[in-house]
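Participant:
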Amino acid sequence: MTSIQRRIPVGTAYEVLVGRDLASVLPSILGEAVQRVAFIYPEPLEALTPPVIDVLSERYDVVQLALPDGEDAKTLEVCGAVWEALGEAGFTRSDAVVTFGGGATTDVGGFIAAAWLRGVRVVHLPTTLLAMVDAAVGGKTGINTGAGKNLVGAFHEPAAVLCDLDFLRTLPAAELVAGLGEVVKCGFIADERILELVEQAPVGSLTADSPVLAELVERAIQVKADVVAADLKETGGADGHPGREALNYGHTLAHAIEKRENYRIRHGEAVAIGCVYAAELALRAGLLDASTVQRHRDTFGRAGLPTSYPGASFDDLIGAMRVDKKTRGSVLRFLVLTKVGNPVILRGPTDEDLRAAYAAVSA
Ligand SMILES: NC(=O)c1ccc[n+]([C@@H]2O[C@H](COP(=O)([O-])OP(=O)(O)OC[C@H]3O[C@@H](n4cnc5c(N)ncnc54)[C@H](O)[C@@H]3O)[C@@H](O)[C@H]2O)c1
Ligand SMILES: O=C(O)C(=O)C[C@@H](O)[C@H](O)[C@H](O)COP(=O)(O)O
Ligand SMILES: [Zn+2]
1 MTSIQRRIPV GTAYEVLVGR DLASVLPSIL GEAVQRVAFI YPEPLEALTP PVIDVLSERY
61 DVVQLALPDG EDAKTLEVCG AVWEALGEAG FTRSDAVVTF GGGATTDVGG FIAAAWLRGV
121 RVVHLPTTLL AMVDAAVGGK TGINTGAGKN LVGAFHEPAA VLCDLDFLRT LPAAELVAGL
181 GEVVKCGFIA DERILELVEQ APVGSLTADS PVLAELVERA IQVKADVVAA DLKETGGADG
241 HPGREALNYG HTLAHAIEKR ENYRIRHGEA VAIGCVYAAE LALRAGLLDA STVQRHRDTF
301 GRAGLPTSYP GASFDDLIGA MRVDKKTRGS VLRFLVLTKV GNPVILRGPT DEDLRAAYAA
361 VSA
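If you read the sequence shown in the UniProt record's numbering, its first letter stands for residue 1, the second for the next number, and so on.
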């Protein structure tokens, strides 16, 4: 039975619903004008789709589009094939896209919707923890290129995000842990209670049906919704706050590691390493104290996440770090903390500090 536990508005634009058995609310969001729905999902999740397809099929002509799994879907080739399929289906501006899957699927499906006819409605049904708390919320969509991660994309806000916690029941434990990477990141940038909840939870207790996990989901979505509502297109925050770039904590190194690993490391795992790196960098820049750096290692580690990366040298990664979207010209800009909940931008850290911080996470 449908149960909506929380409605979290993202400004005035749309809501993120958190609950269970949420597919039934889709028609009320999509409305009467929609005739065709492109249902985009990763092929391995086929067995989970019938309850959603059944709801959609009662009202709409459903075009089912199975994509490759995970990061393999975030390519121009996959987008091209889907756009051809939409053309063949006569997909119009009053039709809609529904994505169903993890963050890779919501990213590429969102981009497909953003570009088709220059923008059609999209509703995300995230099925991983990471996509519920982060990827599906906020309207960032995108794909990868040979030069790096998420280098092509668009801001395209969804009409709604439906976080159905029931889908977490089939999620492999390692994927759930990876999602905690973005949850803990939100704790460090904006909500210390998240850190306390993770620190106090018995190891292994944050499973799909845990009430603490449900609270973490709601808190992390709230952090993301608040930051996005204040700076939708990452143009900058007010009163010294870095705005949406705060959500990019840990991502400069994370994206470089993901590229280096051919996307075979999970995004949330790479983010955990990247946040420890950013903390080490802030320590060397005289911005952050050593105990908060240690708290990064302890809290990400307690969640089951890696906090070091011995897989490459600094010189192997710096090229990919330079294409980070926070870079301006040849000046690297890092999101760092001065304390928990106080993100700031560090411009042009010295080569010595960049290397020393990397040495501290690569041992
Ligand atoms: N747009 C944004 O703001 C934003 C934010 C964070 C991350 N991201 C992107 O999200 C992606 C990572 O997302 P992810 O961690 O969800 O990975 P993912 O989409 O690759 O999914 C991980 C794996 O879980 C499987 N899976 C998904 N739901 C399942 C379920 N309910 N049961 C069983 N298996 C399931 C998938 O098939 C896949 O194999 C990265 O590409 C990252 O860049 C985007
Ligand atoms: O929503 C944002 O803004 C974020 O930075 C959230 C990140 O967790 C996410 O991985 C995002 O896709 C990274 O964005 P990018 O601009 O560095 O590609
Ligand atoms: Zn991320």
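In this text, a Cβ means the ideal position worked out from N, Cα and C, and glycines have one as well.
1) Do F167 and ligand 1 come close, with the Cβ less than 8 Å from some heavy atom?
2) May I ask you to verify whether the stretch 233-253 touches the stretch 194-201, counting CB pairs closer than 8 Å and requiring at least 3?
3) Based on the DSSP output, what are the partners of G101 in its beta bridges?
4) Which word fits M1, buried or exposed, when buried means at least 16 other C-beta atoms lie within 10 angstroms of its C-beta?
5) Quick check on L281: buried or exposed, where buried means 16 or more other Cβ atoms within 10 Å of its Cβ?
6) Of all the options A114, G139, S210, which has the alpha carbon lying nearest to the alpha carbon of D231?
7) For a test of the three-state rule: what should DSSP assign to N248, helix, strand or coil?
8) Taking the beta carbon of P126 as the centre, do at least 16 other beta carbons fall within 10 Å, making it buried, or is it exposed?
9) What does the alpha-carbon distance come out to for the pair S330 and R322?
10) For K149, which of helix, strand or coil comes out of DSSP?
11) Check whether the stretch 41-55 touches the stretch 176-195, counting contact only when three or more Cβ pairs, one atom from each stretch, lie closer than 8 Å.
12) Please state the DSSP three-state secondary structure of D289.
13) Can you check DSSP and say which residues form a bridge with S362?
14) With H, G and I counted as helix, E and B as strand and the rest as coil, what does DSSP make of residue 364?
15) Thinking C-alpha only, which one of H124, A279, V82, G119 is nearest L22?
16) Does the distance from the CB of L129 to the CB of L180 come in under 9 Å?
17) For a minimum of 4 consecutive residues, which ranges assigned as the alpha helix (DSSP H) are wholly contained in the stretch 48-127?
18) Have a look at I257 and G286 and give me their C-alpha separation to the nearest angstrom.
19) Would DSSP call Y263 helix, strand or coil?
20) Cβ atoms of L206 and A270: under 9 Å apart, would you say?
21) Got a sec? Which residues, its chain only, sit under 7 Å from R36 by beta carbon, not counting five neighbours each side?
22) Just to confirm, does N150 get its C-beta within under 8 Å of one of the non-hydrogen atoms of ligand 2?
Facilitator: With the given structure in hand:
1) Walking along the sequence shown from the start, residue 167 turns up at place 167. Yes, the Cβ of F167 comes within 8 Å of a heavy atom of ligand 1.
2) no
3) Here residue 101 corresponds to residue number 101 of the sequence shown, with the count starting at 1. Answer by DSSP bridge pairing, in chain order: P126.
4) Position 1 of the sequence shown holds residue 1. With fewer than 16 other Cβ atoms from the protein chains shown falling within 10 Å of its own Cβ, M1 counts as exposed.
5) What you label residue 281 is simply residue 281 of the sequence shown in a count that begins at 1. Its Cβ being crowded by 16 or more others within 10 Å, L281 is buried.
6) Taking the sequence shown and counting its residues from 1, the one referred to as residue 231 is at position 231. Closest option to D231, Cα to Cα, is G139.
7) Along the sequence shown, one-based indexing puts residue 248 at 248. DSSP places N248 in helix when its eight states are reduced to three.
8) For the purposes of this step, residue 126 is identified with residue 126 of the sequence shown, where counting begins at 1. Buried, by the Cβ-count rule.
9) The residue you call residue 330 lines up with position 330 of the sequence shown. The residue you call residue 322 lines up with position 322 of the sequence shown. One C-alpha to the other measures close to 8 Å.
10) By one-based count along the sequence shown, residue 149 stands at place 149. DSSP places K149 in strand when its eight states are reduced to three.
11) no
12) Counting from 1 along the sequence shown, the entry for residue 289 is found at position 289. The three-state reading of DSSP puts D289 in coil, since its state is none of H, G, I, E or B.
13) Numbered from its first residue, the sequence shown carries residue 362 at position 362. Answer is none; S362 lacks a bridge partner.
14) Residue 364 lies beyond the range of the chain shown here (1 to 363); nothing can be said about it.
15) For the purposes of this step, residue 22 is taken as the residue at position 22 of the sequence shown. The residue with the shortest Cα to Cα distance from L22 is H124.
16) Here residue 129 refers to the residue found at position 129 when the sequence shown is read from its first residue. Here residue 180 refers to the residue found at position 180 when the sequence shown is read from its first residue. Closer than 9 Å, so yes.
17) 50-59, 76-88, 103-115
18) Your numbering for residue 257 matches position 257 in the sequence shown. Your numbering for residue 286 matches position 286 in the sequence shown. Looking at the two C-alpha atoms, the distance is approximately 25 Å.
19) Counting from one through the sequence shown, the residue named residue 263 turns up at place 263. Of the three classes helix, strand and coil, the one that applies to Y263 here is coil, per DSSP.
20) The residue labelled residue 270 in the question sits at position 270 within the sequence shown. The residue labelled residue 206 in the question sits at position 206 within the sequence shown. Not a contact, by the Cβ cut-off of 9 Å.
21) Walking along the sequence shown from the start, residue 36 turns up at place 36. Here the set comprises Y60, D61, V63, A89, F91, D95.
22) Here residue 150 refers to the residue found at position 150 of the sequence shown. Correct: N150 has its Cβ closer than 8 Å to ligand 2.
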